[in-house]
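Okay, so here's the structure we're looking at.
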Amino acid sequence: MVKETVKHLNPYVPEMTLAELKKQRGLDKLVRLSANENAFGTSPDVAKALDKWHYADSNLYPDSNAEELRSSIATRFNISPDNLIFGNGLDEIIELLSRVILQPGDEVLDPAPTFSEYQLHAQIEGAKIRTVDLDESGRINLSAMKREVDEKTRMVWICNPNNPTGTFISPQAIQSFLADLPAEVTVIVDEAYIDFTGDKHASVIQLTKQYANLVVLRTFSKAYGLANFRVGFAVCGSPLIDYLQAARLPYNLSTFAEIAATASFKDTDFVDQVVETVIAERKKWEHFLMKAGLPFYDSAANFIFFQVKNGDSKELHEYLLSNGYLLRDGLRDGWLRVTIGKPEDNQAVQELITKFLTN
Ligand SMILES: *Cc1c(COP(=O)(O)O)cnc(C)c1O
1 MVKETVKHLN
11 PYVPEMTLAE
21 LKKQRGLDKL
31 VRLSANENAF
41 GTSPDVAKAL
51 DKWHYADSNL
61 YPDSNAEELR
71 SSIATRFNIS
81 PDNLIFGNGL
91 DEIIELLSRV
101 ILQPGDEVLD
111 PAPTFSEYQL
121 HAQIEGAKIR
131 TVDLDESGRI
141 NLSAMKREVD
151 EKTRMVWICN
161 PNNPTGTFIS
171 PQAIQSFLAD
181 LPAEVTVIVD
191 EAYIDFTGDK
201 HASVIQLTKQ
211 YANLVVLRTF
221 SKAYGLANFR
231 VGFAVCGSPL
241 IDYLQAARLP
251 YNLSTFAEIA
261 ATASFKDTDF
271 VDQVVETVIA
281 ERKKWEHFLM
291 KAGLPFYDSA
301 ANFIFFQVKN
311 GDSKELHEYL
321 LSNGYLLRDG
331 LRDGWLRVTI
341 GKPEDNQAVQ
351 ELITKFLTN
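Each residue of the sequence shown is one higher than the one before, counting from 1 in the numbering used here.
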């Protein structure tokens, strides 16, 4: 009745809605610091742009090419508009890449731990997943990954900064990795959190002009604060971009999504402000964790992955939730991931952790 591979899936478990969880827990206030959402919302220009939309156009299909958004992004990144493809969230692009590239028996190389969706789609296509552990500083171990590449390898995933560790590897390191890799191996660099590095030279988008087997992924869900609108994109060269376009669903972005993404993309002041605040709050978190004696990885993202000693991470998770703060657990035994929130919420969570540890 269904594909054999689908019978054994380990699906992504989406977050429960805040309203649902609040009701279930009988909480008046609940702040979600578990999904890496932008705690500072989105640009006010988004609402202004959407207000101008005519509901009379509801019966018309959206622009299949998302021309306005496409040309804004192409101009900013100095790339050809033809080297961009949009998805209903980056999630759809991750699915599309696996669908277009992988055949049963192919192999995919994944760092471990990393974003779980890479595995999900490889599994559906019947590919075999091989994982390579992060190094002791929580960074993706490119030299170990290189050693694992063989004649069956078709895809290598590099999440940079990596989710859930937040660790960053340099564009130079990625370029050396690409340098003598067989052209049949597609390297996908997921830059969902790249803005939070605060470094304008952190991206490898420009390398797509040089390496036809490199795909760079971006999303509007994190720094741009548009998770609800579902817009992500990939940058890559020919011929892969043409195959991806051919396999894409024709109307995968609504006009609403395109308008919102374009407006948020143009408001660079908003994103710069968000990044500045996140970086300042991240430093405070690191300072706090150091003082509390909780090990953590060096993060370049809008979240921090930390270890709760004595293995009581489940208890701490429960304690914080009962006090109105939801963190992410279940990614690694004894560890929690916290999204960097508003300053007052970060402080409140830190105070609760201190209380928990001293009790
Ligand atoms: C959040 C996230 C995505 C998904 O982004 P959407 O555009 O919301 O689908 C992709 N990759 C990583 C690493 C993420 O953390």
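All C-beta atoms in this analysis are idealised placements derived from N, C-alpha and C, irrespective of residue type, glycine included.
Count the other C-beta atoms from every protein chain shown that fall within 10 angstroms of the C-beta of Asn359, then say buried if there are 16 or more, exposed otherwise. It counts as exposed.
Using a 10 Å radius around the Cβ and a threshold of 16 neighbouring Cβ atoms, would you call Asp272 buried or exposed? exposed
For Val275 and Lys3, the rounded distance between their alpha carbons: 43 Å
Taking the alpha-carbon of Pro81 as reference, which of Gly237, Thr277 and Asn88 has the nearest alpha-carbon? Gly237
Regarding Ala192 and ligand 1, is the C-beta to nearest heavy atom distance less than 7 Å? Correct: Ala192 has its Cβ closer than 7 Å to ligand 1.
Gln119 to Glu125 span [Cα, whole Å]: 10 Å
Whole-angstrom C-beta distance between Leu50 and Val235, which should lie under 8 Å: Not a contact, Cβ separation roughly 26 Å.
C-alpha gap between Arg230 and Tyr251, whole angstroms: 13 Å
Around the C-beta of Gln123, are 16 or more other C-beta atoms found within 10 angstroms, so that it is buried, or is it exposed? buried
Can the beta-carbon of Arg25 be found less than 8 Å from the beta-carbon of Pro164? Using a Cβ distance threshold of 8 Å, Arg25 and Pro164 do not count as a contacting pair.
Straight-line Cα distance separating Met1 from Thr197: 46 Å
Beta-carbon gap between Trp335 and Phe356 smaller than 8 Å: no
What three-state label does DSSP hand Gln340 in the structure shown? Here residue 340 is Ile; the residue named in the question, Gln, does not match the sequence. In this structure, Ile340 counts as coil in the three-state DSSP scheme.
Going by DSSP in three states, Glu68 sits in which element: helix, strand or coil? helix
Could you tell me the alpha carbon to alpha carbon distance between Gln350 and Thr131, rounded to whole angstroms? One alpha carbon belongs to Gln350, the other to Thr131, and they sit about 34 Å apart.
Under the three-state DSSP convention, the category Ala122 falls into: helix
Complete beta strand (DSSP E) runs within the region 140 to 184 (minimum length 3 residues, chain order): 153 to 159
Starting from Ile205, trace the alpha helix (DSSP H) in both directions and tell me its first and last residue. Ile205 -> no alpha helix (DSSP H), and no H or E assigned at all.
Take Ala247 and list the residues in its own chain whose beta-carbon comes closer than 8 Å to its own, dropping the five residues that flank it on each side. Leu96, Arg99 and Val100
Limits of the alpha helix (DSSP H) - the one that Glu258 falls within: Thr255 to Lys266
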